[in-house]
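Below: the structure, in structure tokens.
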Amino acid sequence: EQMLANSSGAEVLLTYVPPQNAARYAQVQGMLHRSGGVDGLRKLVASQRKSLEGKGAQDRKKGKKKKEKGKKAKKGPEAVQAEADKQLAQMLRGMSIDVSEGPIWRTVRVKAVGLKTKKNASLRDMVEDRSEIVHSMTKGRVGYIHVPDTCELGFAEFYRYYGRESEREALIVDLRCNGGGYATELLLKQLRNPPLGFNMLRPGRGKLQVSPEMSTPGHLVLLIDENTSSDGEVWAEAFKRFGMGKVVGVRTWGGVVSVGGADLETIDGGELSIPYQHYYTPGGGGYVLENHGADPDVEVHWPPAPLAGAAAGEPRPDPQLAEAMRIAEELLAQSKTAPPEIPKFPLSRLHRRHNG
């Protein structure tokens, strides 16, 4: 990984040696050293390859004649390469290097990915790990969604998991480290979409279906921290003001400012971004998000030092997520869960006539 750190986008050759082949690989390296390195090995097989290429040319001529008769001939270069590999294997066996189980090492051409790809892969691992923790600790009753921002990535991450996680009885939405954006109103609208009813299928045709399908369970918990910023703070404040659920964590960044309309470029190539508008919330909030941020309902800090109980090599405990799970289960215990108990469908006129 360190070798490829500065090779983003470039193709490199990597040689992999399985642990069980390390001793034999060392023998090959010793042989190469005695024979002049890789160039020496090329010289050792050059005469063999040259003679094989001569035989290959004769085989190609014979192959053409066979092909004219309707028989398929082997390709010359491939046959030459296969025979050269066979001769090289015999040469290695003559040096007491066993290659009967296949190649001792493999050399592959790889292309190093950029930092953005690695970041996205780490994000996926983190979200999947947290989802597994939430599902196992709550016996599948609580779902989990992480929204890294309210731009394209956050919008995609939200709907990547919302369809399946909203089918559970409660939902935790994680806005920690949310970088802001512009899609809060769209995602809040989705979270404020309660079930309108239930589709009752005929017996044996499937289970009860909630309508609409992309509706939100009645119990929501929002996670925030000091890195929740900009449009993410708007989300947290509106979530709390409209009573959509409990907010857990610590006070957000406090920088809901709009920049971009009055940016200035300096002579040394720098840029000066000047806030050009404020954000006001009705209902007594005013300009509280500016220079203060959104406050949680339940304050839970995540200490920077390793917490007690974290074993070596294991992920650190997440006290904020643990509190969110506790509150979600508490909300489930205090109210009836969906779907409600639905009575048997009443008999129609046709059924009454038949029974009468």
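Just so you know, we're using the working numbering here: the sequence shown kicks off at 2 and counts up by one. Where a beta carbon is used, it is the ideal one built from N, C-alpha and C, also for glycine. Remember, it's a predicted structure, so these values are computed and weren't measured experimentally.
Run through DSSP, which three-state label would residue i get?
i: glutamate 158; result: helix
i: alanine 184; result: coil
i: lysine 72; result: Its pLDDT being 49, under 50, lysine 72 is placed unreliably by the model, and the measurement read from it follows with that caveat. Residue state, collapsed to three classes: coil.
i: valine 148; result: coil
i: glutamate 166; result: helix
i: glycine 270; result: coil
i: alanine 27; result: helix
i: glycine 129; result: Rather than glycine, the amino acid found at residue 129 in this sequence is glutamate. Glutamate 129: helix per DSSP, three-state reduction.
i: leucine 53; result: Any reading at leucine 53 must be qualified, since the residue scores a pLDDT of 49, below 50, and its modelled position is unreliable; no value is offered.
i: lysine 140; result: coil
i: lysine 119; result: helix
i: isoleucine 173; result: strand
i: glutamate 300; result: strand
i: lysine 112; result: strand
i: arginine 317; result: coil
i: leucine 1; result: With the chain covering only 2 through 357, there is no way to say anything about residue 1.
i: leucine 265; result: strand
Give the single residue among the options whose Cα lies nearest to the Cα of residue i.
i: serine 336; options: Ser123, Ser137 and His220; result: His220
i: isoleucine 134; options: Leu15, Trp106, Leu187 and Ala323; result: Ala323
i: methionine 245; options: Arg252, Trp236, Val251 and Thr253; result: Trp236
i: proline 218; options: Pro204, Glu227 and Pro196; result: Pro196
i: proline 344; options: Glu266, Phe199 and Glu166; result: Phe199
i: alanine 157; options: Lys120, Leu188, Asp269 and Arg131; result: Leu188
i: leucine 192; options: Arg203, Pro204, Val222 and Cys178; result: Val222
i: glutamine 278; options: Gly285, Ser231 and Ala122; result: Ser231
i: valine 440; options: Tyr288, Arg169 and Pro283; result: For residue 440 there is no data in the structure shown, the boundaries of the chain being 2 and 357.
i: valine 248; options: Asp319, Arg169, Ile268 and Glu300; result: Glu300
i: glutamate 168; options: Leu154, Thr151 and Ser212; result: Ser212
i: glycine 286; options: Arg203, Ser216, Val109 and Glu238; result: Glu238
i: phenylalanine 243; options: Asp130, Lys190, Leu273 and Gly155; result: Lys190
Report buried or exposed for residue i, applying the criterion of at least 16 other Cβ atoms within 10 angstroms of its Cβ.
i: aspartate 264; result: exposed
i: glutamate 214; result: exposed
i: glutamate 22; result: Going by the sequence as given, residue 22 is asparagine instead of glutamate. That one is buried.
i: tyrosine 163; result: buried
i: lysine 120; result: exposed
i: leucine 172; result: buried
i: leucine 15; result: exposed
i: threonine 229; result: buried
i: arginine 107; result: exposed
i: arginine 30; result: Reading off the sequence, residue 30 comes out as glutamine, not arginine. Glutamine 30 comes out exposed.
i: leucine 53; result: Confidence at leucine 53 is low in this model, with a pLDDT of 49, below 50, so its placement is unreliable and the value that follows should be read with caution. Leucine 53 should be labelled buried.
i: lysine 241; result: buried
i: methionine 326; result: buried
i: threonine 118; result: exposed
i: aspartate 269; result: exposed
i: proline 297; result: buried
i: valine 174; result: buried
i: tyrosine 17; result: exposed
i: tyrosine 160; result: exposed
i: arginine 177; result: buried
Does any heavy atom of the ligand GDP sit closer than 7 angstroms to the C-beta of residue i?
i: histidine 147; result: Ligands in the displayed structure: none, and consequently the ligand GDP is not present.
Query raised in the report: Is it a yes or a no for the stretch 322-335 touching the stretch 130-147, going by three-plus beta-carbon pairs under 8 angstroms?
Result: yes
**Report entry** Ordered list of beta strand (DSSP E) runs contained in the stretch 187-263, each at least 3 residues
**Finding:** 198-200, 210-212, 220-225 and 247-250
Query - the stretch 203-210 contacting the stretch 178-185, beta-carbon criterion three pairs below 8 angstroms - result: no
Query raised in the report: Hey, is the stretch 239-255 in contact with the stretch 287-305, meaning 3+ C-beta pairs nearer than 8 angstroms?
Result: yes
Query raised in the report: Is there contact between the stretch 224-240 and the stretch 145-152, where contact requires at least three CB pairs shorter than 8 angstroms?
Result: yes
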